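The numbering used here numbers the first residue of the sequence shown as 25 and each following residue consecutively. Everything below concerns the one structure shown next.
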Amino acid sequence: MSLEVRTIDQSEFTAWLLARRVGFLRPPVVSDEEVADRLPHTDLSRAYGAFDQGRMIATFLSFEQRLSTVGGADLAANAISAVTVSPTHRRRGLLSRMMKEDLALAKERGDACATLIAAEYPIYGRYGFGVATWATEWAVDVTRTGFDRRWSGPTAEEGGGRIDLTDGAEIRKEGPALHRRFAARRAGVTDRTTRGWDVGTGNAARFEPWTEPFYAVYRSAAGEVEGYVAYTSDDKWNDAKQPVQTATVRDLIAVTPAAERALWRFVCSIDWITRVRTGFRAPDDVLPLLLPDPRAAQVVTHADMLWLRVLDVAKVLEPRTYATSGTLVLDVRDAAGLAGGRYRLDASPEGGAVTSTSEAPDLVLDVADLAALALGDESALRLRALGRVEEATAGAAARADLLMRTSLRPWSMDIF
Numbered sequence: 025m026s027l028e029v030r031t032i033d034q035s036e037f038t039a040w041l042l043a044r045r046v047g048f049l050r051p052p053v054v055s056d057e058e059v060a061d062r063l064p065h066t067d068l069s070r071a072y073g074a075f076d077q078g079r080m081i082a083t084f085l086s087f088e089q090r091l092s093t094v095g096g097a098d099l100a101a102n103a104i105s106a107v108t109v110s111p112t113h114r115r116r117g118l119l120s121r122m123m124k125e126d127l128a129l130a131k132e133r134g135d136a137c138a139t140l141i142a143a144e145y146p147i148y149g150r151y152g153f154g155v156a157t158w159a160t161e162w163a164v165d166v167t168r169t170g171f172d173r174r175w176s177g178p179t180a181e182e183g184g185g186r187i188d189l190t191d192g193a194e195i196r197k198e199g200p201a202l203h204r205r206f207a208a209r210r211a212g213v214t215d216r217t218t219r220g221w222d223v224g225t226g227n228a229a230r231f232e233p234w235t236e237p238f239y240a241v242y243r244s245a246a247g248e249v250e251g252y253v254a255y256t257s258d259d260k261w262n263d264a265k266q267p268v269q270t271a272t273v274r275d276l277i278a279v280t281p282a283a284e285r286a287l288w289r290f291v292c293s294i295d296w297i298t299r300v301r302t303g304f305r306a307p308d309d310v311l312p313l314l315l316p317d318p319r320a321a322q323v324v325t326h327a328d329m330l331w332l333r334v335l336d337v338a339k340v341l342e343p344r345t346y347a348t349s350g351t352l353v354l355d356v357r358d359a360a361g362l363a364g365g366r367y368r369l370d371a372s373p374e375g376g377a378v379t380s381t382s383e384a385p386d387l388v389l390d391v392a393d394l395a396a397l398a399l400g401d402e403s404a405l406r407l408r409a410l411g412r413v414e415e416a417t418a419g420a421a422a423r424a425d426l427l428m429r430t431s432l433r434p435w436s437m438d439i440f
């Protein structure tokens with residue numbers, strides 16, 4: 025019997041939430057309160073379900089998103105989430121059918137790209153997605169950092185600012201502007217909606233366990249908020265009645281170096297805290313080298329974060345800026361037929377111009393590998409060494425790195 029794939033209606037939303045929970049191995053229970061809370065924030069025209077004799081056995085959701093690119097501009101993105109298939113219906117092409125339809129509609133809308141956070145690495149490359157950002161988490165043994173544990177606040181070296189404890193209400197007030205300022209400085213940042221800020225600070229209905237975090241803001245000497253941190257702590261003591269507690273950073277945004285240094289020093293200097301888990305950070309975060317003894321910070325996670333699917337080569341490459349001026353002709357292969365073709369990129373520090381061309385190519389690559397290069401993180405030389413990029417013109421991979429790679433690695437701080 026054929027399996028039906030289509031968008032859902034309001035009467036099917038409870039079943040869709042339940043199927044999503046089953047797919048993510050969450051307790052298969054959905055309350056009326058959860059349905060009432062989530063429904064107004066879900067675009068049902070972009071929520072797909074797969075059905076077998078009327079039973080929901082797969083889910084898929086997309087929504088509007090803005091993604092920062094190199095130089096401060098942002099891209100219109102089709103964010104994909106809630107992808108599940110029931111364990112009774114695997115390997116039947118359900119994800120492929122939902123993905124194909126959703127990407128085609130995103131292309132029709134004029135979105136530059138699609139994005140997702142992959143639960144498992146091997147799934148999405150076959151749909152043209154490539155890893156655009158990576159994330160790293162450190163565990164810091166604060167007893168070995170070399171910091172003076174008597175430290176009580178920012179010094180003149182940190183700009184004469186101050187740190188104040190605060191609450192979620194102030195973060196909801198100050199955070200959005202800080203986040204936008206940060207996104208203008210770093211590629212790979214996805215936008216946060218009002219709903220996102222409410223959920224992230226506990227100002228919304230909760231259907232998963234929640235621990236209220238501590239919040240602290242950094243203010244410059246002029247009184248301007250330049251950063252904040254949200255963190256939680258466990259409650260552990262050793263047999264000698266000494267505290268051995270771990271602080272876990274949920275969110276830390278800083279728009280000045282002084283704020284970033286001060287906030288990390290603050291978290292690593294809290295009484296009773298002997299260990300700090302940093303949460304997912306950019307792989308080139310300042311933290312390890314900020315410590316007098318960088319060996320105190322041990323990598324506990326390093327993994328792919330944001331996956332990008334180019335839908336329109338010009339819309340992805342033109343808004344960003346480039347390290348220097350130069351030209352590349354890219355022969356982009358796309359099995360799905362959404363973004364393939366031969367393109368001439370005329371790059372400059374002011375931006376790019378992309379045109380279709382019949383010129384001989386410099387680089388031949390799959391659309392997934394173009395995604396890995398698009399935000400400046402990956403090296404064309406490394407992809408060439410892996411056999412994933414063909415260098416049709418001698419020296420083209422090195423030229424691509426010179427143009428496209430960034431001094432700051434892109435970073436995606438949010439899972440969606």
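Ideal placement from N, C-alpha and C gives every residue a C-beta, glycine not left out. Computed from a predicted structure; not experimentally measured.
Residue i vs residue j beta-carbon contact at 8 angstroms
i: alanine 424; j: leucine 332; result: no
i: alanine 136; j: glycine 212; result: no
i: valine 241; j: valine 273; result: no
i: leucine 354; j: leucine 313; result: no
i: leucine 189; j: glycine 251; result: no
i: glycine 247; j: tryptophan 234; result: no
i: arginine 433; j: aspartate 401; result: yes
i: leucine 341; j: glycine 376; result: yes
i: threonine 160; j: leucine 330; result: no
i: glycine 185; j: tryptophan 221; result: no
i: asparagine 262; j: valine 253; result: no
i: alanine 163; j: valine 310; result: no
i: phenylalanine 238; j: tyrosine 255; result: yes
i: alanine 106; j: glycine 183; result: no
i: serine 86; j: aspartate 126; result: yes
i: alanine 130; j: asparagine 102; result: yes
Three-way DSSP call (helix, strand, coil) for residue i in this model
i: tryptophan 296; result: coil
i: histidine 65; result: helix
i: phenylalanine 290; result: helix
i: methionine 437; result: coil
i: tyrosine 151; result: helix
i: arginine 429; result: coil
i: arginine 210; result: coil
i: alanine 159; result: strand
i: serine 35; result: helix
i: tyrosine 242; result: strand
i: leucine 335; result: coil
i: leucine 311; result: helix
i: glycine 78; result: coil
i: valine 94; result: coil
i: proline 318; result: helix
i: alanine 347; result: coil
i: valine 59; result: helix
i: glutamate 232; result: coil
i: arginine 186; result: strand
i: leucine 42; result: helix
i: glutamate 284; result: helix
i: glutamate 342; result: coil
i: arginine 168; result: helix
i: arginine 196; result: helix
Residue i versus residue j - alpha carbon distance
i: threonine 351; j: glutamate 383; result: 12 angstroms
i: threonine 217; j: serine 26; result: 38 angstroms
i: arginine 205; j: valine 279; result: 7 angstroms
i: leucine 99; j: glutamate 88; result: 11 angstroms
i: glutamate 132; j: alanine 283; result: 42 angstroms
i: leucine 276; j: threonine 38; result: 35 angstroms
i: alanine 286; j: aspartate 61; result: 38 angstroms
i: alanine 420; j: alanine 97; result: 26 angstroms
i: phenylalanine 440; j: alanine 409; result: 33 angstroms
i: proline 46; j: alanine 143; result: It should be noted that the sequence gives valine, not proline, for residue 46. Cα to Cα, valine 46 sits roughly 15 angstroms from alanine 143.
Neighbour flag for residue i against chain C, beta carbons, 8 angstroms
i: methionine 122; result: In the structure shown, chain C cannot be found, because there is only a single protein chain.
Residue i - containing alpha helix (DSSP H), residue span
i: methionine 122; result: 118-133
i: tryptophan 418; result: The sequence shown places alanine at residue 418, not tryptophan. Here alanine 418 belongs to no alpha helix (DSSP H), and DSSP marks it neither H nor E.
i: arginine 219; result: 218-224
i: arginine 408; result: 404-409
Residue span of the beta strand (DSSP E) that contains residue i, given as start and end
i: histidine 326; result: 321-328
i: valine 109; result: 98-109
i: threonine 139; result: 137-141
i: valine 353; result: 350-357
i: valine 445; result: Given that the chain is displayed from residue 25 to residue 440, the structure contains no residue 445 and the question cannot be resolved.
i: aspartate 390; result: 387-390
i: tyrosine 367; result: 365-372
i: alanine 384; result: It is not in any beta strand (DSSP E) - alanine 384 carries neither H nor E in the DSSP assignment.
i: alanine 278; result: 269-278
i: alanine 378; result: Correcting the residue identity first, residue 378 is valine in this sequence and not alanine. Per DSSP, valine 378 belongs to the beta strand (DSSP E) from 375-380.
Closer than 7 angstroms: residue i CB and nearest the ligand COA heavy atom
i: alanine 130; result: Only the bare structure without any ligand can be found here, which leaves the ligand COA out of the picture.
Integer-rounded CB distance, given that residue j should sit under 8 angstroms from residue i
i: arginine 368; j: aspartate 390; result: The pair is not a contact, with the Cβ atoms about 19 angstroms apart (cut-off 8 angstroms).
i: leucine 407; j: alanine 371; result: Actually they do not touch by this definition, with Cβ atoms about 18 angstroms apart.
i: isoleucine 81; j: serine 120; result: At roughly 15 angstroms, the Cβ-Cβ gap does not stay under 8 angstroms, so isoleucine 81 and serine 120 are not in contact.
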